[in-house]
Amino acid sequence: MKRKLIILACTALLFGLLAAACAKPPIEEMERATDAVTRAENNADAVTYAWNSIARAREALAQMNSEAASKRYDSAKAYAAEAIAAAERAISEGSAGAFRARNEASDLVSELRSQIDETKQTLDNMRSAQLGLDLDSVEQTIDEARTALSEDRYQDALNLSRTALSELTNIRQQVSAAAAAVASKK
Numbered sequence: 008m009k010r011k012l013i014i015l016a017c018t019a020l021l022f023g024l025l026a027a028a029c030a031k032p033p034i035e036e037m038e039r040a041t042d043a044v045t046r047a048e049n050n051a052d053a054v055t056y057a058w059n060s061i062a063r064a065r066e067a068l069a070q071m072n073s074e075a076a077s078k079r080y081d082s083a084k085a086y087a088a089e090a091i092a093a094a095e096r097a098i099s100e101g102s103a104g105a106f107r108a109r110n111e112a113s114d115l116v117s118e119l120r121s122q123i124d125e126t127k128q129t130l131d132n133m134r135s136a137q138l139g140l141d142l143d144s145v146e147q148t149i150d151e152a153r154t155a156l157s158e159d160r161y162q163d164a165l166n167l168s169r170t171a172l173s174e175l176t177n178i179r180q181q182v183s184a185a186a187a188a189v190a191s192k193k
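For the sequence shown, the working numbering begins at 8 and goes up steadily by one.
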């Protein structure tokens, strides 16, 4: 009886080793994972807005390759699936980030146009051209932001719009201070 158990254990061990030796690397899954990560790395929106997801995809890809090199193919296959999911998430997050940036830049450019018109009206009413305020510079920055927005350079449009908003806020503060000074003299 003891001999039968030993023979059964040896046979099971032999079959286990034979099955492990015959296992094949998940080539197709690994290639799909590599392609997915490459697509994410080459997607401008993903690179700009979803860098963390790309980093996770790269890490999973590195783990996949390490596991495959160690002939742990089930684990390599799992890391391949993780790399694909992270890469697809990066592309999706990048698209969403670009959409948000585009909307924010568009809203800000529109808002700035009305604020400039309002500031011009205030300046005209105060006849304070002698303050030396340069709305032309702000308008030029807004035009650059509008151009960037039309060329789908959303982050540039957003940065330019924020710069114009800052400059316009400074001008409006100067106008308010001048108005307060004029009012206090009366």
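Idealized CB from N, CA, C, for every residue including glycine.
The C-beta separation of Ala53 from Ala47 comes to about 5 Å, placing the pair in contact by the 8 Å criterion.
Between Ala90 and the set Ala188, Met37, Arg109, Asp81, the nearest pair of CA atoms involves Met37. With contacts defined as CB atoms closer than 9 Å, Ala57 and Ile123 fail to qualify as a contacting pair. DSSP, read as helix, strand or coil, puts Asn49 in coil.
Judged by pairs of C-beta atoms under 8 Å, the region 171–179 touches the region 143–153, as three or more such pairs exist. Distance from the Cα of Thr129 is smallest, within the candidate group Glu74, Ser183, Asn72, for Ser183. Contact annotation: Ala43 and Ala75 have beta-carbon atoms that are not nearer than 9 Å. When the five nearest sequence neighbours on each side are left out, no beta carbon in the same chain lies closer than 6 Å to the beta carbon of Ala190.
Cβ-Cβ distances below 8 Å link Glu151 to Leu167 in the same chain, with the five nearest sequence neighbours on each side left out; the list follows chain order. The residue from Asn177, Asp163, Gly104, Ser113 with its alpha-carbon nearest to that of Ser60 is Gly104.
Across the structure, Leu165 and Lys127 are spaced so that their CA atoms are roughly 23 Å apart.
Sequence-distant Cβ neighbours of Pro32 in its own chain, meaning closer than 7 Å and more than five residues away, are Ala75, Tyr80, Ala83.
Note on Ile178: 16 or more other CB atoms within 10 angstroms of its CB, so buried under the neighbour-count rule.
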